[in-house]
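Asks: Let me begin by handing over the structure; questions about it come next.
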Amino acid sequence: MHDHPHDHDNNLDPMTARVRALETILTDKGLVDPKAIDAIVDTYETKIGPRNGAKVIAKAWTNPDYADWLAKDATAAIADLGFTGRQGEHMQAVFNTPDQHNVVVCTLCSCYPWSVLGLPPVWYKSPPYRSRVVLEPRAVLAEFGLTLPETTKIRVWDSTAEVRYLVIPMRPEGTENMDESALVDLVTRDAMIGTGLPQVAS
Amino acid sequence: MQPDPRPFDEPWQAQAFGLVVHLHERGLFSWTEWAGTLSNVIAAEQSDTPTNAEYYRCWLTALEQILAQKKIATPDLIDITTQAWHRAAHATPHGQPIMLESDPKRIEVK
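If you read the protein sequences in the order shown, they are chains A and B.
When we follow the UniProt record's numbering, the leftmost residue of the first sequence carries the number 1, and every step to the right adds one.
When we follow the UniProt record's numbering, the leftmost residue of the second sequence carries the number 1, and every step to the right adds one.
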């Protein structure tokens with residue numbers, strides 16, 4: 001791959017050197033196990049993502065008892081599908097209705113329901129989204145291509161280290177004949193944050 | 001459904017993330033304590049158009065603040081160790097894995 005005619009030194013970029021230094025110090029002090037760090041990274045890179053949340057939504061759409069459970073105790077209902085948070089956080093499911101659309105933000109940092117959505121997209125962590133969605137949610141949603149009827153109220157939920165929200169979108173019309181696994185494919189990440197809607201193939 | 005987006009742009013971001021999550025799981029700090037520290041760093045340092053690199057730089061700064069507060073690692077120790085990693089990299093022939101043991105100063109001390 002490399003065919004340089006001469007040897008040259010390696011370089012570490014500043015951030016890589018800094019992280020390695022922290023890992024060295026903490027490993028020497030017996031505070032971290034590098035293998036455990038690799039396992040955590042692998043989990044978030046390959047195993048946890050919005051598909052987890054989509055399974056929760058599809059189950060809620062097809063199983064009224066599950067939807068009730070989700071409304072009453074989302075932490076337990078979501079854990080029942082095998083998705084549990086690492087920070088001991090409580091989950092709350094917020095259901096969209098024709099009268100109320102829900103959208104999630106973390107105004108202070110980037111709290112996000114990792115267990116069901118994976119790690120947040122860059123825009124979720126950006127100051128403009130974090131401040132503006134609270135002040136002018138309708139305008140921000142329009143920038144995402146989501147225009148809601150004026151009669152639909154928009155409620156903004158501010159996540160914290162202790163409570164994370166999952167938006168339960170309304171089941172799209174015309175999907176009555178679809179089974180749970182087909183419905184999973186309609187649920188987008190943004191639909192579960194509230195900045196989008198489930199996508200029905202045309 | 002679209003494939004899940006890649007959460008990290010570079011390996012160091014993944015390592016920074018993994019380090020914090022692992023230390024929390026080991027009980028070094030509560031997640032509330034972490035989120036509070038991170039919020040302050042983000043408020044002070046983040047631009048209006050942050051990248052993942054900027055975001056995870058905030059994670060490292062927040063982690064270093066917590067380590068200093070808990071007297072686990074001073075900024076000096078972190079700097080010295082970072083410099084050791086840079087020297088180790090320079091001393092490693094191209095194409096070989098970089099190990100801290102390759103730091104020439106470290107070998108002299110032994």
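C-beta: ideal position from N, C-alpha, C; glycine also.
Please read all numbers here as calculations on a predicted model, not as lab measurements.
From the beta carbon of residue 192/A, is the nearest beta carbon of chain B less than 8 Å away?
Replies: Translated into positions along the first sequence, residue 192/A becomes position 192. Taking Cβ atoms only, chain B never reaches closer than 8 Å to residue 192/A, which makes this a no.
Asks: For residue 101/A and residue 197/A, what's the separation of their Cα atoms in angstroms?
Replies: Taking the first sequence and counting its residues from 1, the one referred to as residue 101/A is at position 101. Taking the first sequence and counting its residues from 1, the one referred to as residue 197/A is at position 197. In a straight line, the C-alpha of residue 101/A is about 10 Å away from that of residue 197/A.
Asks: What's the C-alpha gap between residue 151/A and residue 138/A?
Replies: Locating residue 151/A in the first sequence gives position 151, where the first residue counts as 1. Locating residue 138/A in the first sequence gives position 138, where the first residue counts as 1. Looking at the two C-alpha atoms, the distance is approximately 12 Å.
Asks: Cβ atoms of residue 77/A and residue 69/A: under 8 Å apart, would you say?
Replies: Reading the first sequence from its first residue, position 69 is the one you call residue 69/A. Reading the first sequence from its first residue, position 77 is the one you call residue 77/A. Contact flag set, yes.
Asks: Anything in chain A within Cβ reach of residue 50/B, meaning under 9 Å, just list it in chain order.
Replies: The residue given as residue 50/B occupies position 50 in the second sequence. Those within 9 Å of residue 50/B in chain A are 122, 125, 126 and 127.
Asks: So, for residue 24/B: in the same chain, excluding its five sequence neighbours on each side, which residues have a beta-carbon less than 7 Å away from its beta-carbon?
Replies: Position 24 of the second sequence, counting from 1, holds the residue named residue 24/B. Excluding positions up to five away in sequence, the list reads 31 and 34.
Asks: So residue 25/B contacts chain A; which residues on that side make the cut at Cβ distance below 7 Å?
Replies: Residue mapping note: residue 25/B aligns to position 25 of the second sequence, counting from 1. Correct list: 86.
Asks: Taking residue 15/A as the query, report the chain B residues whose CB atoms sit under 9 Å from its CB, ordered along the chain.
Replies: To locate residue 15/A, count along the first sequence from 1; it is residue 15. In chain order: 10, 12, 13, 16, 53, 56, 57 and 60.
Asks: Is it buried or exposed for residue 206/A, if we count other Cβ within 10 angstroms and need 16 for buried?
Replies: Because chain A spans 1 through 202 in this model, residue 206/A falls outside it and cannot be assessed.
Asks: Please classify residue 93/A as buried or exposed, where buried requires at least 16 other C-beta atoms within 10 Å of its C-beta.
Replies: Here residue 93/A is taken as the residue at index 93 of the first sequence, counted from 1. It counts as buried.
Asks: Could you check what DSSP says for residue 94/B in three-state terms: helix, strand or coil?
Replies: Along the second sequence, one-based indexing puts residue 94/B at 94. In the structure shown, residue 94/B sits in coil (DSSP, three-state: anything other than H, G, I, E or B).
Asks: Give a yes or no on contact between the segment 53 to 62 of chain A and the segment 111 to 118 of chain A, applying the rule of three or more CB pairs nearer than 8 Å.
Replies: Enough Cβ pairs lie closer than 8 Å, so yes.
Asks: Reducing DSSP to helix, strand and coil, say where residue 26/B ends up.
Replies: In the second sequence, the residue the question calls residue 26/B occupies position 26. Here residue 26/B sits in coil by DSSP.
Asks: Between residue 110/A and the rest of its own chain, which residues show a CB-CB distance below 6 Å, the 5 nearest in sequence each way excluded?
Replies: On the first sequence, position 110 is the one that residue 110/A refers to. Counting only Cβ-Cβ distances below 6 Å, and skipping sequence neighbours, we find 120 and 125.
Asks: Roughly how many angstroms separate the alpha carbons of residue 72/B and residue 85/A, rounded to a whole number?
Replies: Locating residue 72/B in the second sequence gives position 72, where the first residue counts as 1. Locating residue 85/A in the first sequence gives position 85, where the first residue counts as 1. Taking the straight line joining both Cα atoms gives about 27 Å.
Asks: Considering just the uninterrupted stretch of the alpha helix (DSSP H) at residue 124/A, what are its terminal residues?
Replies: Position 124 of the first sequence, counted from the start, is the residue given in the question as residue 124/A. Taken as a continuous stretch (DSSP letters only), residue 124/A belongs to no alpha helix (DSSP H), as it is neither H nor E.
Asks: Jot down the residue ranges of each uninterrupted beta strand (DSSP E) in the segment 65 to 111 of chain A, minimum 3 residues, whole runs only, in chain order.
Replies: Listed in chain order, they are 90 to 95 and 100 to 105.
Asks: Taking the beta carbon of residue 142/A as the centre, do at least 16 other beta carbons fall within 10 Å, making it buried, or is it exposed?
Replies: For the purposes of this step, residue 142/A is identified with residue 142 of the first sequence, where counting begins at 1. That one is exposed.
Asks: Between the C-alpha atoms of residue 195/A and residue 170/A, what's the straight-line distance to the nearest angstrom?
Replies: To locate residue 195/A, count along the first sequence from 1; it is residue 195. To locate residue 170/A, count along the first sequence from 1; it is residue 170. Roughly 13 Å between the two C-alpha positions.
Asks: Using only the alpha-carbon positions, how far apart do residue 13/B and residue 41/A sit?
Replies: For the purposes of this step, residue 13/B is taken as residue 13 along the second sequence, with counting starting at 1. For the purposes of this step, residue 41/A is taken as residue 41 along the first sequence, with counting starting at 1. Computed Cα separation, rounded: 10 Å.
Asks: Pick helix, strand or coil for residue 1/A, following the three-state DSSP scheme.
Replies: Indexing the first sequence from 1 puts residue 1/A at position 1. Low local confidence applies: a pLDDT of 45 at residue 1/A is under 50, so the model's placement there is unreliable, with the coordinate-based value given in what follows. In this structure, residue 1/A counts as coil in the three-state DSSP scheme.
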